[in-house]
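Residues 0 to 246 in numbering that gives the first Met the number 0 are what the sequence shown lists, from first letter to last. All residues carry an ideal CB built from backbone N, CA and C; glycine is no exception. Just so you know, these numbers come straight off a predicted model, no measurement behind them. Notes for the one structure printed next.
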Amino acid sequence: MTDAPVIELNAVNKWYGEFHVLRDVNLDVAKGERIVICGPSGSGKSTLIRCINRLEEHQAGEIKVKGVPLDDDVRHVEAIRRDVGMVFQQFNLFPHLTVLENCVLAPIWVKKQPRAEAEAKARQYLARVRIPEQADKFPGQLSGGQQQRVAIARALCMDPSIMLFDEPTSALDPEMVKEVLDVMTDLAEAGMTMLVVTHEMGFARRMASRVVFMDRGEIVEQGAPAEFFDNPQNERTRAFLGQVLAH
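Now the structure itself:
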């Protein structure tokens with residue numbers, strides 16, 4: 000991994016009023032890395048990945064995606080958003096559009112793709128997330144797990160080189176979690192660069208190339224999954240793992 004990192008965070012800080020939500024965060028992500036970010040509620044995990052495509056604005060420090068600085072230049076923000084897919088906790092699908100229409104909207108409007116090409120690609124990605132037969136249904140006719148897989152397909156239709164997942168399974172019933180994690184596992188195995196905020200420690204142990212633990216706005220500890228889970232160095236990490244692995 001000698002190439003320059005595809006994501007660089009240098010001394011990133013963010014406040015909400017008086018609340019210091021990110022404190023001097025430094026993180027480099029190499030192409031093809033699968034980073035799982037975990038930590039207690041309120042530790043800054045979701046804010047961190049939302050800063051990477053400017054859904055949240057950092058106030059100090061520097062963020063670069065593939066060498067492009069994330070700053071006040073709208074062209075930079077647009078370039079990064081075209082290349083960084085995002086999947087949220089809530090599926091954020093348009094309820095009045097079919098699954099297929101949800102998937103082709105951005106490629107047609109943002110990338111100016113011809114409709115036939117956008118639809119062919121959308122069907123290909125719906126097959127990849129294992130729901131090709133749902134293309135003409137509306138989101139309300141699908142289960143939560145199916146809706147989240149549509150959200151993943153929709154993000155993939157923009158051909159991103161990086162995918163961000165913000166607690167993608169936390170709104171799902173337990174029996175639907177596996178089907179979404181299976182799709183994410185397929186993406187990881189295909190070499191997608193991924194940052195995943197999740198409490199699914201089994202997925203982290205199996206699929207992450209690195210696990211990052213955050214607490215109180217700081218990166219407290221990070222390492223390869225085996226090392227992170229079996230030999231955590233920090234007291235705060237040990238306390239967190241003791242809690243989540245006990246459930």
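Residue i, enclosing beta strand (DSSP E) - first and last residue
i, result
"L194", "T192 to V196"
"D27", "F18 to V28"
"G60", "A59 to V64"
"Q221", "E217 to G222"
"I130", "Per DSSP, I130 belongs to no beta strand (DSSP E) and is neither H nor E."
Bounding residues of the alpha helix (DSSP H) (the contiguous stretch that carries residue i)
i, result
"A117", "R114 to R127"
"G139", "Careful: G139 lies outside any alpha helix (DSSP H) and carries neither H nor E."
"C102", "V98 to W108"
Under 8 Å between C-beta atoms of residue i and residue j
i, j, result
"T46", "L8", "no"
"L194", "V28", "yes"
"H57", "V67", "no"
"S42", "D214", "yes"
"V24", "I218", "yes"
"L163", "G222", "no"
Which residues DSSP lists as bridging residue i, in chain order
i, result
"I161", "V83 and T192"
"K13", "L21"
"C37", "F212"
"I6", "V28 and V64"
Buried versus exposed call for residue i [16 or more other C-beta atoms within 10 Å across all chains shown]
i, result
"Q112", "buried"
"M0", "Reliability fails at M0, whose pLDDT of 47 lies under 50, so the model's placement of it is uncertain and no value is given."
"F239", "buried"
"F93", "exposed"
"K110", "exposed"
"Q146", "buried"
8 Å contact criterion, which residue i and residue j should meet: CB distance rounded
i, j, result
"E220", "F212", "5 Å"
"I51", "I62", "6 Å"
"V196", "D172", "With 8 Å as the limit, V196 and D172 do not qualify as a contact, their Cβ atoms being about 20 Å apart."
"V103", "C156", "7 Å"
"K30", "V64", "Going by Cβ atoms, the distance from K30 to V64 rounds to 12 Å, so no, they are not a contact pair."
"A134", "T97", "7 Å"
Proximity test, Cβ basis, 8 Å: residue i and chain B
i, result
"D135", "The chain labelled as chain B is not found in the depicted structure, where only one protein chain is given."
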